[in-house]
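Undergrad: My questions all concern the structure below.
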Ligand SMILES: Cc1ncc(COP(=O)(O)O)c(C=O)c1O
């Protein structure tokens, strides 16, 4: 079925790559020569096209702009030393995309459009993949409602697109994190587990407030008591306490099920840690810190990879770390990087060859 997917390909006349350097790329600022577009109309996906990267022409009443039926994904393609291109765990992002679609009352995307469309697009623009440490080709699939009519109801029409951005690191130094206890990201029954655009819009005010007092991001806590920790910005969070790695469990539906989180859990087990998913309260963290058992705190995410946290602040209680002395987060990042860059065997079957 995948081989027969009918994609209309229109190539760019001239590559922008001739005037772009792939060295020291910022995150998400540059885009490749092509994009993929497909339309959902009359209950089916049609008009699947790869074409030159270009602006969209939208009716001002486009439903996604007003009512927020808009979801996305984020994943990365890497090039090994021999120039072979692979995408990291794309099926996981594909499955999560459709989980988000279902929650937002949007149509699911067929596997062949998501996977084969992405493969063909990445293959076409593979010269854009940077070959430098902490750099990769960021892949952004997204879908939004395109009905041109006002009124709160699920749209009848949608657009699915994929764009590609050669990128460097998202956070390039250890972070200072403020434990949030006023604003809320997600509550049980809400959309926290979906990669819905509105989750990010809703998070910006709290993050801006934290930035005013010198913090990079907030660590969200539960909506009712502000007692249990959830996640940070666009990252899941891990705490190394003694010989165990703790991360919040996903049962309340308030946390995005990160592909990097899942990969980190596998690698931490391989490194000999007990990996424990459970509710983690701020008090648990403070107790562990007072007992000198809270060794490391880091975030995991596609954009951020593994990001060390050098300070965690809860009310007036400040936990500071000497990240230079850490062993676990750097080792975890090294193991992940080695698999992604093809330096070691893909022992978990994570790399999808383009
Ligand atoms: C809210 C949120 N949490 C966690 C993550 C990490 O998920 P992943 O590792 O799949 O990138 C992301 C990024 O996608 C995110 O946006």
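Residue numbers (my numbering): 335 to 688. The beta-carbon is built from N, C-alpha and C at its ideal position, and this holds for glycine as well. These numbers were taken from a predicted model, which means no experiment stands behind them.
Report the rounded CA-to-CA distance for residue 501 versus residue 581, giving the unit in angstroms.
TA: Counting from one through the chain shown, the residue named residue 501 turns up at place 167. Counting from one through the chain shown, the residue named residue 581 turns up at place 247. If you take the alpha carbons of residue 501 and residue 581, they lie about 27 angstroms apart.
Undergrad: Give me, in chain order, the residues of the same chain whose beta-carbon lies closer than 7 angstroms to that of residue 486; leave out the 5 immediate sequence neighbours on both sides.
TA: Translated into positions along the chain shown, residue 486 becomes position 152. Hits under 7 angstroms: 401.
Undergrad: Nearest to residue 513 by CA position, among 424, 358, 643, 687, is which residue?
TA: Locating residue 513 in the chain shown gives position 179, where the first residue counts as 1. Checked all of 424, 358, 643, 687; the closest Cα to residue 513 is 643.
Undergrad: Whole angstroms are fine: how far does the CA of residue 636 sit from the CA of residue 381?
TA: Translated into the one-based positions of the chain shown, residue 381 becomes position 47. Translated into the one-based positions of the chain shown, residue 636 becomes position 302. Between residue 381 and residue 636, the C-alpha separation is close to 30 angstroms.
Undergrad: Which parts of the region 624-684 are runs of the beta strand (DSSP E), unbroken and 3 residues or longer, counting only runs that do not cross its ends?
TA: The region 624-684 contains these whole beta strand (DSSP E) runs: 628-635, 639-648, 651-654.
Undergrad: Report the residue from 459, 601, 445 whose alpha carbon sits nearest the alpha carbon of residue 350.
TA: Within the chain shown, residue 350 is the residue found at index 16, counting from 1. The shortest Cα separation from residue 350 among 459, 601, 445 belongs to 459.
Undergrad: Between which two residues does the alpha helix (DSSP H) carrying residue 426 extend?
TA: Taking the first residue of the chain shown as 1, we reach residue 426 at position 92. That run of the alpha helix (DSSP H) goes 424-437.
Undergrad: From residue 615 to residue 395, what distance separates their C-alpha atoms?
TA: Walking along the chain shown from the start, residue 615 turns up at place 281. Walking along the chain shown from the start, residue 395 turns up at place 61. Spanning the two alpha carbons is a distance of roughly 44 angstroms.
Undergrad: Using alpha carbons as the reference points, say which of 480, 488, 498 lies closest to residue 474.
TA: Residue numbering aside, residue 474 sits at position 140 when the chain shown is read from its first letter. The shortest Cα separation from residue 474 among 480, 488, 498 belongs to 498.
Undergrad: Sorted by chain position, which residues of the same chain lie with C-beta nearer than 7 angstroms to residue 335's C-beta, five sequence neighbours on each side aside?
TA: Sequence index remark: in the chain shown, residue 335 carries index 1 (1-based). Confidence at residue 335 is low in this model, with a pLDDT of 45, below 50, so the placement of that residue is unreliable and no value is reported for it.
Undergrad: Out of 544, 531, 546, 554, which one is the CA nearest neighbour of residue 521?
TA: If you number the chain shown from 1, residue 521 lands on position 187. Nearest C-alpha to residue 521: 554.
Undergrad: Tell me which residue opens and which closes the beta strand (DSSP E) that residue 546 is part of.
TA: Counted from its first residue, the chain shown places residue 546 at position 212. First-last for residue 546: 531-546, but that is the alpha helix (DSSP H), not the beta strand (DSSP E).
Undergrad: Between 429, 450, 464, which lies nearest to residue 415 when the distance is taken from Cα to Cα?
TA: Here residue 415 refers to the residue found at position 81 when the chain shown is read from its first residue. With distances taken between Cα atoms, residue 415 lies closest to 464.
Undergrad: Is residue 570 buried or exposed, if buried means 16 or more other CB atoms sit within 10 Å of its CB?
TA: Taking the first residue of the chain shown as 1, we reach residue 570 at position 236. Buried, by the Cβ-count rule.
Undergrad: Excluding the 5 residues flanking residue 388 on each side, which residues of the same chain have their C-beta closer than 8 angstroms to its C-beta?
TA: Locating residue 388 in the chain shown gives position 54, where the first residue counts as 1. Result list for residue 388: 369, in chain order.
Undergrad: What residues match up with residue 555 in a beta bridge as DSSP calls it?
TA: Along the chain shown, one-based indexing puts residue 555 at 221. The partner list for residue 555 (beta bridge, DSSP) reads 563.
Undergrad: Under 7 angstroms, do residue 509 and residue 468 count as touching if we go by C-beta distance?
TA: One-based indexing of the chain shown puts residue 509 at position 175. One-based indexing of the chain shown puts residue 468 at position 134. Not a contact, by the Cβ cut-off of 7 angstroms.
Undergrad: Starting from residue 512 and walking both ways along the beta strand (DSSP E), at which residues does that stretch end?
TA: As a first step, residue 512 must be located in the chain shown, where it is residue number 178. It spans 509-513 - the beta strand (DSSP E) in which residue 512 sits, taken as one unbroken run.
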